[in-house]
Amino acid sequence: MFRCVSSAVAVLGVVTCLVAPIVHAQTVQFTPVASIPGPADRLDVQGRFAFLAGGKSLAVVDVSNPAQPKRTGSFECPEKIWGFRVVGSLVYLAADFFGLGIVEVDSAGTPTLRGSVKTPGQAKNVAVIGTKALVADHMSGVDHIDVSNAAKPVTLGSFFLDGYARDVVSAGSLAYAVDAPTGLYIFDLSKSGPLEAVTTVQSASAPGSIVLADPPSTPGPTLALLVGGGSLQVYDVSNTAAPVRVATFKTPSGRPLRARLSGRIAYVADGREGLQVVDLSTPSMPRLVGGYKTANPARDVAVANGHVFVATGVGGEEVSHGEVLILRQTP
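Next comes the structure, spelled out in structure tokens:
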């Protein structure tokens, strides 16, 4: 049975906000290696495969040789794919009013639908924690789904957000969701019972996506980067009960869409300004250290195997004239 649980009362983090639009010395440069024909609005790279979502299509591309990408298969979804996560051989699709789809990709790169479950509204993205999936749903908030049997996923309940759910990511037993216009929600799935937010933080702007830094190899804060509303918002989420916004960084375009973190370096799909690289070594003082101007607006980015992949294209919900650029970074 679908259960709708009301939102927790907002807990406001102590905010130290530093607006840092200053351009520093550009030390990171890129050389184009190859491109993959689109359309592509979302992308990820895991192992030797790149996964591209454009419209209703999910394409799988072998990028073991980045200079010669080879498309191995594709899957057509009944609805637009807004977001997806790759976990092992499974791709979890957040596909509009179709809901959650689970696609298996074999060793040859051929995708096959394993199972699906309809969500109450528009599925925007998904995070996976063990045998559970959390779907950012425009209508119901965050949907909690049992995916232990990929052929028959089962909805367990939902947590209603104050705004429109836009994105959700996970790390360990924790999940982080963002909505517009409210902000950041943190969930702990190690706790039994109905899905509940352990913390809610009001955002200074309406975030459209969120990315987490890998666990630091040296002592330092755990970072979350909220993207959208004209800027990057850097949060220290080391204490899940009291996240702190430590900086706000306005990108050159003023309209960043998505980002990826590699260590303390953020690679930002910055719309018409292309790819931007921001150094977060000192989280309270973000520094713009490089970039690459793309012919069409940058929409998403992935970092893997010493290369940066940038999805570009023109349009709103439907992307045209798109491609994925494969860039080699120097130094």
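Sequential numbering from 830 applies to the sequence shown in our numbering. Backbone N, C-alpha and C define an ideal beta-carbon position, used for all residues, glycine too. All of these numbers come straight from a predicted model, not from anything done at the bench.
Below 8 Å on the Cβ atoms is my contact criterion, and I expect R1087 with S1038 to pass it. Report the Cβ-Cβ distance as a whole number of Å.
In the sequence shown, counting from the first residue as 1, residue 1087 sits at position 258. In the sequence shown, counting from the first residue as 1, residue 1038 sits at position 209. Indeed, because the Cβ distance is near 5 Å, the residues count as touching under 8 Å.
4-residue-minimum alpha helix (DSSP H) runs that sit fully inside the stretch 880–909, ordered along the chain
none
Output the distance between the C-alpha atoms of Q1105 and G1120, rounded to the nearest integer angstrom.
Translated into positions along the sequence shown, residue 1105 becomes position 276. Translated into positions along the sequence shown, residue 1120 becomes position 291. Between the alpha carbons of Q1105 and G1120 lies a distance of about 4 Å.
Could you work out which residue in Q855, E908, V957, K899 is closest to L919 when comparing CA atoms only?
For the purposes of this step, residue 919 is taken as residue 90 along the sequence shown, with counting starting at 1. When only C-alpha atoms are compared, the closest one is V957.
Taking P1115 and A1076 to be in contact with their CB atoms under 8 Å, please state how far apart those CB atoms are, rounded to whole angstroms.
Counted from its first residue, the sequence shown places residue 1115 at position 286. Counted from its first residue, the sequence shown places residue 1076 at position 247. Your pair P1115 and A1076 checks out as a contact, with CB atoms roughly 6 Å apart and the cut at 8 Å.
Check whether the Cβ atoms of N954 and G917 sit closer than 7 Å, and answer yes or no.
One-based indexing of the sequence shown puts residue 954 at position 125. One-based indexing of the sequence shown puts residue 917 at position 88. No, the Cβ-Cβ distance between N954 and G917 is not below 7 Å.
Please say whether P1126 and V1063 have beta carbons closer to each other than 7 Å?
Here residue 1063 corresponds to residue number 234 of the sequence shown, with the count starting at 1. Here residue 1126 corresponds to residue number 297 of the sequence shown, with the count starting at 1. Not closer than 7 Å, so no.
Kindly say whether L1024, judged by its beta-carbon, lies nearer than 7 Å to any beta-carbon of chain D.
Considering every chain present, this structure includes no chain D. It has just one protein chain.
Using DSSP's beta-bridge definition, name the partner residues of N954.
Along the sequence shown, one-based indexing puts residue 954 at 125. In DSSP, N954 forms a bridge with A965.
In the DSSP assignment, what are the bridge partners of V1075?
Counting from one through the sequence shown, the residue named residue 1075 turns up at place 246. In DSSP, V1075 forms no bridge with anything.
How about the stretch 1151–1160 and the stretch 1131–1143: do they share at least three Cβ pairs that are nearer than 8 Å?
By the Cβ test, the stretch 1151–1160 is in contact with the stretch 1131–1143, since at least three Cβ pairs between them sit closer than 8 Å.
Residues near L990 in its chain [Cβ-Cβ closer than 8 Å; skip 5 each side]:
Position 161 of the sequence shown holds residue 990. Taken in chain order, the residues that qualify are S836, G970, V971, A1006, D1008, T1011, Y1014.
Where does E1025 sit, in a helix, a strand or coil, going by DSSP?
Counting from 1 along the sequence shown, the entry for residue 1025 is found at position 196. It is coil, neither helix nor strand.
Should P850 go down as buried or exposed, given a rule of 16 or more other Cβ atoms within 10 Å for buried?
If you number the sequence shown from 1, residue 850 lands on position 21. Because P850 sits at a pLDDT of 49, beneath the cut-off of 50, its placement in the model cannot be relied upon, and the following sentence gives the value as read from the coordinates. It is exposed - the Cβ of P850 has fewer than 16 other Cβ atoms within 10 Å.
According to DSSP, simplified to helix, strand and coil, what is G1012?
The sequence position of residue 1012 within the sequence shown is 183, counting from 1. Reduced to three states, the DSSP call for G1012 is strand.
When you compare each of R1128, L1003, S1060 to V1066 by their alpha carbons, which one comes out closest?
Walking along the sequence shown from the start, residue 1066 turns up at place 237. Comparing Cα-Cα distances from V1066 to each of R1128, L1003, S1060, the minimum goes to L1003.
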